[in-house]
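Colleague: Quick note: the numbering used here has the sequence shown finishing at residue 187, numbered continuously throughout.
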Amino acid sequence: MSYKQRLPKITTFIFDVDGVLTDGSVILDSSGEMVRTMHTKDGYALQHAVKKGYNIVIITGGNSIMVKKRLEGLGIRDVFIAVHDKLPVMNKYLKENQINNQEVLYMGDDIPDFPCLKEVGVSTCPHDAAIEIREISDYISHIDGGKGCVRDVIEQTLRVQNKWMDKDAYSW
């Protein structure tokens with residue numbers, strides 16, 4: 016079954032941050048703080064999916080309070096930072112919220128995402144993901160991490176479910 020045939024079942028999106036929501040670059044400011052950039056197209060799609068009632072979950076090994084603030088500003092409540100092993104965090108979340116693995120689309124870009132990608136209904140990655148991740152992904156976005164790949168998979172899912180272009184789409 017192709018990944019597109021599984022999109023109608025998706026209720027939950029899980030994303031990594033570095034290399035997915037960002038391009039993986041880190042800039043150090045004059046005080047030594049790490050600064051990351053996120054694409055507004057991804058932000059738009061994330062807040063739209065939240066408005067439409069989808070579960071949006073962020074699981075990242077990074078520990079940036081500013082990243083967490085940005086995501087919470089988009090309406091995302093389930094942000095797990097400084098995670099050393101993502102699979103137990105994902106499984107606990109799914110169990111506590113009574114979500115079947117087949118309802119989950121996960122997007123990751125590197126080796127720490129590998130176990131989670133193997134357990135979900137639709138595994139996806141950015142175009143510039145590690146080769147090991149590309150090899151196991153059901154869908155490889157044509158867009159690199161931090162450049163709109165999150166929008167790509169959210170938009171495809173919402174279009175298949177007829178939830179993309181409606182009255183809720185016209186505002187943030």
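Quick reminder that beta carbons are idealized off the backbone N, C-alpha and C, glycines included.
1) For Ser-152, tell me which candidate among Lys-66, Lys-182 and Cys-140 has the shortest Cα-Cα distance.
2) Terminal residues of the continuous alpha helix (DSSP H) containing Thr-172?
3) Does any C-beta atom of chain D lie closer than 8 Å to the C-beta of Pro-127?
4) Please list the terminal residues of the continuous beta strand (DSSP E) segment that includes Thr-27.
5) Rounded to whole angstroms, how far is the Cβ of Val-65 from the Cβ of Leu-36, which I believe are closer than 8 Å?
6) What are the start and end residues of the alpha helix (DSSP H) that includes Leu-132?
7) Check the C-beta distance from Ile-126 over to Ala-145 and give it rounded, since I have them as a contact under 8 Å.
8) Okay, do the region 19-31 and the region 114-132 touch, 3+ Cβ pairs below 8 Å being the bar?
9) Starting from Val-65, trace the alpha helix (DSSP H) in both directions and tell me its first and last residue.
10) Do Ala-97 and Asn-78 count as a contact pair if the criterion is CB distance below 8 Å?
11) Are Ala-60 and Val-135 close, meaning C-beta to C-beta below 8 Å?
12) Tell me which same chain residues have a C-beta within less than 6 Å of the C-beta of Val-50, skipping the five on either side of it?
13) Per DSSP, which one or two residues make a beta bridge with Ile-74?
Modeller: Based on what the coordinates show:
1) Cys-140
2) 164-175
3) The question asks about chain D, but that chain is absent: this structure has only one protein chain.
4) 27-30
5) No, Val-65 and Leu-36 are not in contact; Cβ-Cβ is about 14 Å, not under 8 Å.
6) 129-132
7) 6 Å
8) yes
9) 55-66
10) yes
11) no
12) Ile-42 and Asp-44
13) Phe-95
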